[in-house]
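What follows is a single structure, written as structure tokens, with notes after it.
Numbering (UniProt numbering), first residue to last: 1 to 300.
Quick look at the structure:
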């Protein structure tokens, strides 16, 4: 028997409460992105920081990447001042939005408020406390969401100026299976259930949490002293003067009795000499080479 999936959609926060939905916008009529590059970076960074702070820890939480397409959709939604009929839920897109008086706070305050809804969310049951809203929180921490776009717009109305905030996520979250809410993420040690394509583990600057991402370095190693890592062979190409698996060994470059080989970072010693710098004279080697000095002839 098939499972019936139903999208709950993300809510809308207004001054004084209330929950709304979203408006579909044609991509052909989209305004330019509403957020500056700086604000885009801050919104994306804060999203990933908050996703790294969920409790209990998430084993499969993906790192969000910015989508210009979703940013345009969210900008158009915000430009509508969150008005208009709601389209049917779409599994490939989820929304969170807020309409607040000017001066209440920027996107940082909005995202912190959405994340704070998690205090009312029971991970064990997948449900929110009575008379509380958790849908912004569950959408924000929906593990399989990989792309994000947000926008904001200054609106005028009878109650005075307000600011509309909207974020679009792909794929969307807040789903039910046969009437049972789907948990937003799987509990477990950070990054312990990342998929093969997202085997990298992104950690914030304070090394907290962990988000699944496309591995930037599948070799899981780095080369020191300006060495270059060959991703195909996972070997370091060391600059002159360095050697070792990670280019961590500095060559002396001094061969007392021999020639220095740059490509191997070693000395080719003259006959009869050995050691790292060809500084050790070996009688046995000289005898074997037949170049030992003979003593003075015996007196008769």
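Glycine included, C-beta positions come from ideal geometry on N, C-alpha and C.
Taking a 10 Å sphere around the C-beta of residue 43, we find 16 or more other C-beta atoms and assign the residue as buried.
Listed in chain order, the non-local C-beta contacts of residue 74 below 7 Å within the same chain comprise 149, 150, 151, 166, 167 and 168, local neighbours out to five positions each way being set aside. Under the DSSP assignment, residue 175 falls in the beta strand (DSSP E) whose first and last residues are 175-177.
The beta carbon of residue 253 is closer than 7 Å to those of 241 and 260 in its chain, skipping five residues each way along the sequence. Fully enclosed alpha helix (DSSP H) runs of no fewer than 4 residues occupy 107-116 and 135-140 of the region 99-153, in order along the chain. Unbroken beta strand (DSSP E) runs of no fewer than 3 residues, entirely contained in the region 227-273, are found at 228-230, 235-237, 258-261 and 266-269, following chain order.
Less than 8 Å separates the beta-carbon of residue 145 from that of residue 64.
Here DSSP, grouped into helix, strand and coil, assigns residue 45 to helix. In the same chain as residue 102, and ignoring 5 residues on each side of it, the C-beta atoms closer than 8 Å to its own belong to 154, 160, 161, 162 and 163, in chain order.
The C-alpha of residue 118 lies about 42 Å from the C-alpha of residue 229. According to the DSSP secondary-structure assignment, residue 94 is paired through a beta bridge with 169. Minimum Cα-Cα distance from residue 190 among the listed residues 182, 104, 177 and 208 corresponds to 208. Residue 107 is classed as buried because its beta carbon has at least 16 other beta carbons within 10 Å across all chains shown. Counting only residues of its own chain and dropping the five nearest sequence neighbours on each side, residue 157 has a CB closer than 8 Å to the CB of 81. Here residue 160 carries a coil assignment [DSSP, helix/strand/coil]. Note on geometry: alpha-carbon atoms of residue 58 and residue 69 lie some 28 Å from one another.
Within the region 38-83, the complete alpha helix (DSSP H) segments of 4 residues or longer fall at 68-79, listed in chain order.
Residue 130 is positioned such that its CB atom lies no closer than 8 Å to that of residue 174.
In the structure shown, residue 211 adopts extended strand secondary structure according to DSSP, grouped into three states. Per DSSP, reduced to three states, the secondary structure at residue 275 is coil, with no helix or strand assignment.
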